[in-house]
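As you go down the protein sequences, you meet chains A and B in turn. Sequence positions in the first sequence follow my numbering and run 1 to 183. Sequence positions in the second sequence follow my numbering and run 184 to 894. Even glycine gets a Cβ: it sits at the ideal position worked out from N, Cα and C. Keep in mind the model is a prediction, meaning the values are calculated, not measured.
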Amino acid sequence: MFDLFKAKAEAVSAEVHRFATKSEGLAFIKETFRTEGIADEPKKYAVWTDCPILEGVDKDEMAKEFPGLKFNVTRDLAEQSHIGVTQMQWGLANTGTVAQNSTAAAERLASSLSWIHVAIVGTANILPDMPALLETVHPKDCAYLALITGPSRTADIERVLTIGVHGPERLIIVCIDDLGGAN
Amino acid sequence: MASTEFKESVDKALKNANLTGALGRFSEAYAVARKNAYAGIDFEQLRGRVAAIKGYAAEHMDELAEQFTKAATARGAKVFRANSPQQVKEYIANLCREKGVKRIVKSKSMATEEIHLNDHLIKQGIQVNETDLGEWIIQLAGQTPSHMVMPAIHMTRDEVADLFSKEIDERLSNDIPKLVKVARKELRTKFLQADMGITGGNMAIAETGTIALVTNEGNARLTTTLPKIHVAVVGLEKLVPNWADAAPILVALPKSATSQQLTSYVSLITGPTPNDDGSMKEMHIILMDNKRSEMAADPIFKQALQCIRCASCLNVCPVYRLVGGHVFGKVYTGGIGTILTAWFDELKRSEEIQSLCIQCGNCKQVCPGQIDIPALILEIRRRLTQEQGQGVVQKTIFSVVNNRKIFHGMLRAASKVQGLVAKDGFIRHLPMFLSELSEFRSLPAIADKPFRDVFDTIQQPVLQKKIAFYGGCLIDFAYPEMGVKLVKILNKAGYNVTFPKDQTCCGAPARYNGAYEVAADNATDNIKALLSEEVDYVVSACPTCTCALKHEFIEVYESVGRRDMLPKARRLATKTVDFSTLVKQLVDEGKLSFKEGQSLGTITYHDSCHLKRTLHAENEPRELLTQAGYQIEEMFECDMCCGMGGSYSLKFPEISKPILTRKLGNIKASGAQTVAMDCPGCVMQIKGGFDKDGARVNVKHTVELLADQLK
Chain A
1 MFDLFKAKAE AVSAEVHRFA TKSEGLAFIK ETFRTEGIAD EPKKYAVWTD
51 CPILEGVDKD EMAKEFPGLK FNVTRDLAEQ SHIGVTQMQW GLANTGTVAQ
101 NSTAAAERLA SSLSWIHVAI VGTANILPDM PALLETVHPK DCAYLALITG
151 PSRTADIERV LTIGVHGPER LIIVCIDDLG GAN
Chain B
184 MASTEFKESV DKALKNANLT GALGRFSEAY AVARKNAYAG IDFEQLRGRV
234 AAIKGYAAEH MDELAEQFTK AATARGAKVF RANSPQQVKE YIANLCREKG
284 VKRIVKSKSM ATEEIHLNDH LIKQGIQVNE TDLGEWIIQL AGQTPSHMVM
334 PAIHMTRDEV ADLFSKEIDE RLSNDIPKLV KVARKELRTK FLQADMGITG
384 GNMAIAETGT IALVTNEGNA RLTTTLPKIH VAVVGLEKLV PNWADAAPIL
434 VALPKSATSQ QLTSYVSLIT GPTPNDDGSM KEMHIILMDN KRSEMAADPI
484 FKQALQCIRC ASCLNVCPVY RLVGGHVFGK VYTGGIGTIL TAWFDELKRS
534 EEIQSLCIQC GNCKQVCPGQ IDIPALILEI RRRLTQEQGQ GVVQKTIFSV
584 VNNRKIFHGM LRAASKVQGL VAKDGFIRHL PMFLSELSEF RSLPAIADKP
634 FRDVFDTIQQ PVLQKKIAFY GGCLIDFAYP EMGVKLVKIL NKAGYNVTFP
684 KDQTCCGAPA RYNGAYEVAA DNATDNIKAL LSEEVDYVVS ACPTCTCALK
734 HEFIEVYESV GRRDMLPKAR RLATKTVDFS TLVKQLVDEG KLSFKEGQSL
784 GTITYHDSCH LKRTLHAENE PRELLTQAGY QIEEMFECDM CCGMGGSYSL
834 KFPEISKPIL TRKLGNIKAS GAQTVAMDCP GCVMQIKGGF DKDGARVNVK
884 HTVELLADQL K
């Protein structure tokens, strides 16, 4: 299932990385912060919404390591962020999609206003396809279901494909094996 | 008849090299990309599901609207059902006044285009900004969308650079990624400042009260996240019953629209969500009727509500790709746009655009909602004719066509006088007002002796089994040699061939012009002639005629209420078969066989619209030609219309010509010296085209290529 997911996601310009453990995944994300030059100034922030992978993580320590990293996602911070990190609940293998209950505004702000969206998903939560997702999630538990497939794109001028219009220019998907089952 | 103004707009579009170039390139790429997108998917099964869901919803529109209202209201949304465009506009304007809304951002919505919402709000002093890049471009240009999915497809990067330069008061280059960044920056500010976000809805799920939004740019996410008020304007046809019904539509829509597996963003929103300051969003959903429930009550047009607005009917239309959406449509464009214009606007407004449909059936073949778009356009034509009556010229023509003796007498007379203009079997130049008709293709000369006279000279063997041959006007009066070959083949297969002399025009020209009463009379004459004797089959070598005999007589009778004729029409239908399908069957039955070891060289095959898409015979002629010893080299777009379209090529020679030119180019590019086809109309068009073009390509009906290759 993962291989199909990766192939389909990469076919729409998403970047897919797989890690066996949470700590490896976290290390990769931190490395991304470093490479992207996250700093405590507008346009350089990283925003990270509260999510299961952060349980047991010393956020203060991490924020010290990356002074531009903010866990309290506001509209202004998200707008001035370079990276937004959110955890997604599901993946769809046959389209390379990540899906999330985005009812909380912070989830949408971090994933739609940032220049790079880092989407974390448990490898075990990759479902085969859209019908499987709609069987798994129901609107009674989810007012805003967001499905994301690759970065923001347009072809509205002369049909020339251009990445990064209103949404992120890069979608980095971090798949983690030991993130547990349905979360 | 099309007005001068309309003709001028067609001409202008045809001369716009940028427009026709961009649309032409896109439609070529689309055909390939769509095929890839659907690889491994049973499209027929998928669209069967989509059509079933949407068809059910159209029949239960009221009930589903109520259910949706209840569900969405329970989740905290305010649902307003608006009958007229005016009610929608007033509701939103009042809401703006009440809440002090000064700035609005919009995500792409055809429903709001339909009612010209922006104009109304701007007049109230409200700032309204489209945020979909294509929509923003046309908003800045003061235009309407020319394509339902790609609103600004008609514009060049230079034009966009000019518009953006003016907007931000800074000279910009035509570099597309840079222009996109300008749009991002400009619109980001507008998103952050907006008091209200307006979206459409790709679906409204009755069971749960959910609105589905499908976009690529991410603007719908920002529109529904940043402003504190969200208004969704949704046409009643967007209702689907259940949560699970969203899946097949979300599978089909992106593939058909943009050949994507899934668009970048799909949002399924059920009631208001919290704003970023912790307050709850105010969510209003307007269910807009605007004649949709009237449409649902119409037994013929209700199927148009199965549309999921993918615009694939535009992308495959040979006419749309030449003239674009500012000619072919009003707000909604192309095939489905013609139908929606006739309803949401008014029948009269579709009068000219409906005439652009060449009836090739490409759109019907790809429609994920299984809508018979060409048939609905014909129905518009019929209703317009009924409402307004036939023009004088048409009336005269049809009164002639309706009288076999006069009609055939005129054709015979024409064969005598055409000596003045005909040469080598072609009419190369027609005098005066007819010159336009022969400008791009030569027309066939009318045969010295029609097939009906030639037939009398063919000695028929005495055989038990009988086949009636329906010639059709073209074989009878222009290409009698095709009829002779056909008789030869059927005799060889052990059939006695009859040619009932009272057969007349199949009624297609009348039907395609909305004159159903004339078509019904044609049907009656032919049924009488063809069923006068007991035969095993009725065969025709013209797919248009075959369709008439097999399908359209029944439809025409139903349409004009001549139910008494239906049993006979059905009897004729079961006996009728097209030439290649019959011959393939005779070969399979061992009644015919080909000479062995023949190597006849390379040919290419042109699929005639009616043969492939109505009669579903695309393999039969290819298999026969291959068995005969020809090697088939497929041409690009082998099943694209050649531009003939019966009287269409006479009404719109300026459109027929470029369609033909493209076809000739594709035939030549195949490298084959001969092109085969199963329709004498296509032969007339393509042969005439090559005669003018000068290329030495043989144009043959399959019957001509097979006759001498049988044992």
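With distances taken from CA atoms, which of the options is nearest residue i?
i              : options                           : result
residue 638(B) : 629(B), 655(B) and 663(B)         : 663(B)
residue 767(B) : 676(B), 823(B), 746(B) and 276(B) : 676(B)
residue 891(B) : 852(B), 813(B) and 401(B)         : 813(B)
residue 206(B) : 497(B), 862(B), 556(B) and 572(B) : 497(B)
residue 688(B) : 424(B), 569(B), 510(B) and 655(B) : 655(B)
residue 806(B) : 348(B), 889(B), 461(B) and 797(B) : 889(B)
residue 854(B) : 879(B), 802(B), 556(B) and 744(B) : 879(B)
residue 241(B) : 670(B), 389(B) and 203(B)         : 389(B)
residue 122(A) : 164(A), 53(A) and 74(A)           : 53(A)
residue 63(A)  : 92(A), 86(A) and 33(A)            : 33(A)
residue 645(B) : 754(B), 678(B) and 867(B)         : 678(B)
residue 682(B) : 504(B), 700(B), 714(B) and 696(B) : 714(B)
Using a C-beta to C-beta distance shorter than 9 Å, which residues of chain B count as neighbours of residue i?
i              : result
residue 109(A) : 408, 409 and 459
residue 81(A)  : Here the premise fails: no neighbours, minimum Cβ distance about 13 Å.
Chain A partners of residue i, CB-CB under 9 Å?
i              : result
residue 209(B) : 159
residue 400(B) : 152, 153, 154, 156, 165, 166 and 167
residue 360(B) : 160, 162, 163 and 164
residue 444(B) : 8, 11, 12, 94, 95, 96, 97 and 149
residue 262(B) : Within 9 Å Cβ-Cβ: nothing; residue 262(B) doesn't reach chain A, min ~15 Å.
residue 256(B) : By Cβ distance, chain A contributes nothing, its closest Cβ being about 14 Å from residue 256(B), past 9 Å.
residue 340(B) : 157, 158 and 160
Who pairs with residue i in a beta bridge, going by DSSP?
i              : result
residue 413(B) : 380(B) and 466(B)
residue 310(B) : 286(B)
residue 891(B) : In DSSP, residue 891(B) forms no bridge with anything.
residue 708(B) : In DSSP, residue 708(B) forms no bridge with anything.
residue 144(A) : 452(B)
residue 15(A)  : 172(A)
residue 264(B) : 470(B)
residue 91(A)  : 98(A) and 126(A)
residue 544(B) : Looking at the DSSP assignment, residue 544(B) forms no beta bridge with any residue, so it has no partner.
My understanding is that residue i touches residue j, with C-beta atoms under 8 Å, so please give their C-beta distance in whole angstroms.
i              : j              : result
residue 147(A) : residue 448(B) : 7 Å
residue 721(B) : residue 758(B) : 5 Å
residue 560(B) : residue 540(B) : 5 Å
residue 726(B) : residue 794(B) : 4 Å
residue 875(B) : residue 489(B) : Wrong, their Cβ atoms sit about 42 Å apart, outside the cutoff.
Examine the ligand NAD and report whether any of its heavy atoms sits within less than 7 Å of the Cβ of residue i.
i              : result
residue 264(B) : The model on display carries no ligand, and the ligand NAD is accordingly not part of it.
Which chain B residues sit within Cβ distance under 7 Å of residue i?
i              : result
residue 112(A) : 401, 404, 405 and 408
residue 77(A)  : Residues of chain B passing the Cβ test: none, with the nearest at roughly 10 Å.
residue 6(A)   : Chain B residues near residue 6(A): none, gap ~14 Å exceeds 7 Å.
residue 134(A) : 426, 427, 429 and 430
residue 74(A)  : 459
Using a C-beta to C-beta distance shorter than 7 Å, which residues of chain A count as neighbours of residue i?
i              : result
residue 497(B) : Within 7 Å Cβ-Cβ: nothing; residue 497(B) doesn't reach chain A, min ~14 Å.
residue 449(B) : 147
residue 343(B) : 157
residue 391(B) : 139
residue 805(B) : Neighbours of residue 805(B) on chain A: none; closest Cβ ~33 Å, over 7 Å.
What residues of chain A sit near residue i, judged by a beta carbon separation below 8 Å?
i              : result
residue 250(B) : Simply none; closest approach about 14 Å.
residue 335(B) : 156 and 157
residue 366(B) : 165
Cβ closer than 8 Å: which chain B residues qualify as neighbours of residue i?
i              : result
residue 128(A) : Going along chain B, no residue has its Cβ under 8 Å from residue 128(A), so there is no contact; the nearest lies around 12 Å.
residue 67(A)  : Residues of chain B passing the Cβ test: none, with the nearest at roughly 23 Å.
Within 8 Å of chain A by C-beta, residues of the segment 673-695 of chain B in sequence order | none
**Asked** For the segment 307-333 of chain B, which residues have a beta carbon sitting closer than 8 Å to at least one beta carbon of chain A?
**Response** 314, 315, 316, 317, 320 and 333
### Query
Taking Cβ-Cβ distances below 8 Å as the criterion, which residues of the segment 40-57 of chain A are in contact with chain B?
none
*asked:* Closer than 9 Å between beta carbons: that is the criterion. Which residues of the segment 92-108 of chain A meet it against chain B?
replied: Under the 9 Å Cβ criterion, the segment 92-108 of chain A contributes 92, 94, 95, 96, 97, 99, 102, 103, 104, 105, 106 and 108.
Q) Which residues, in order along the segment 453-484 of chain B, keep a beta-carbon less than 7 Å from a beta-carbon of chain A? A) Correct list: 453, 454, 456, 457, 458 and 459.
Check: Taking Cβ-Cβ distances below 8 Å as the criterion, which residues of the segment 136-151 of chain A are in contact with chain B?
Finding: 138, 139, 140, 142, 143, 144, 145, 146, 147, 148, 149, 150 and 151
Residues of the segment 367-380 of chain B in Cβ contact with chain A at a cutoff of 9 Å, in chain order, please. Taking 9 Å as the Cβ-Cβ cut-off, the segment 367-380 of chain B approaches chain A at 367, 370, 371, 374 and 375, given in chain order.
- When Cβ atoms are compared, which residues of the segment 185-218 of chain B fall closer than 9 Å to chain A? 205, 208, 209 and 212
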